[in-house]
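Each remark here refers to the structure printed beneath this line.
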Amino acid sequence: MAEALSYKAQGYDTFKFRNGTSWKYSKLTMQKYIPILENLRQAVGPDFKLVIEKFPWDYDTIIKELCPVLEDLKFYWYEEPVEWTLPDALEKHLAINEAMPSVMVSGGESMWNRYQVKPYAAAGAMNIIQTDANLSGITEGWYIGQTIHEFGQKYCPHNWVGGLTTIANIHLVAGVPSGHMCELNQTFNPLKWEIFKEPYPISNGVLTIPDKPGYGVELIDDIEKKFPFVEGPYYKRNPKFEGLDLPIWWS
0 MAEALSYKAQ GYDTFKFRNG TSWKYSKLTM QKYIPILENL RQAVGPDFKL
50 VIEKFPWDYD TIIKELCPVL EDLKFYWYEE PVEWTLPDAL EKHLAINEAM
100 PSVMVSGGES MWNRYQVKPY AAAGAMNIIQ TDANLSGITE GWYIGQTIHE
150 FGQKYCPHNW VGGLTTIANI HLVAGVPSGH MCELNQTFNP LKWEIFKEPY
200 PISNGVLTIP DKPGYGVELI DDIEKKFPFV EGPYYKRNPK FEGLDLPIWW
250 S
């Protein structure tokens, strides 16, 4: 709640959050979690947009227990409720969407072309498409934005990586008619904030698009020395979770 309120105080109008790490180890149940959602809504007020991330629940639990709560609390969207590569994912997205008439359903962060996106946009299974320029590239991202506009859906790049990706995504979302907003991951990441000579300007939750040539930004001198290539994965396991059956990205 403190994090959401801090972003609201900075002028942002939307807050996205996930349920934390593996519930198998945190022992957090739906019955314990719903009051947290209720308290969060009460804390930020009725007009602040709340977005909830994918949860490790089965489909029936989502439909019967979570969807009514999100509808009642007027959440803005529910992100990736079902893995899109599953055989019946489109039908399940549709059913979840229908169970929450005023809450949008989003997805597509791991899609990379218009042909993957089109069935979900055309069926109304996803109201917000979240493909990212670091997967699709700028040109295919533009085609994705045009494609989903045909079906009245919105474009919001997932934008979960570095600073150059943010600049690429903000140019992209501003250049298509379906452009809605662009996410901005606020976790500490020097490759997001410390690679530019001038930080990109954000005021009251709005990023002003640079209007210089190209992306409109300049990288710092000797960037390869400040951020040298280090061989190996960028994930580092938390020692507290050694020996547990957890994917490394959860630890």
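Numbering (numbering that gives the first Met the number 0), first residue to last: 0 to 250.
Backbone N, C-alpha and C define an ideal beta-carbon position, used for all residues, glycine too.
Keep in mind that this is a model prediction, so the values were computed, not measured.
DSSP, reduced to helix, strand and coil, places V205 within a strand of the structure shown. With contacts defined by Cβ atoms closer than 8 Å, Y77 and V104 form a contacting pair.
Collapsing the DSSP output to three states places W192 in a helix. Residue state for L85 is assigned as coil, using DSSP reduced to three classes. Cβ contact annotation for H148 (same chain, cutoff 6 Å, sequence separation greater than five): P176 and S177, in chain order.
Looking from the CA of G162, the closest CA among I95, Y119, Y114 and P189 belongs to P189. Taking the Cβ atoms as the reference, K15 lies roughly 17 Å from V68, outside the contact range of under 8 Å. For E2, there is no enclosing beta strand (DSSP E); the residue is found in the alpha helix (DSSP H) stretching over A1 to A8. The stretch 33-53 makes no contact with the stretch 87-95: fewer than 3 CB pairs, one atom from each, lie closer than 8 Å. With contacts defined by Cβ atoms closer than 8 Å, K191 and T165 form a contacting pair.
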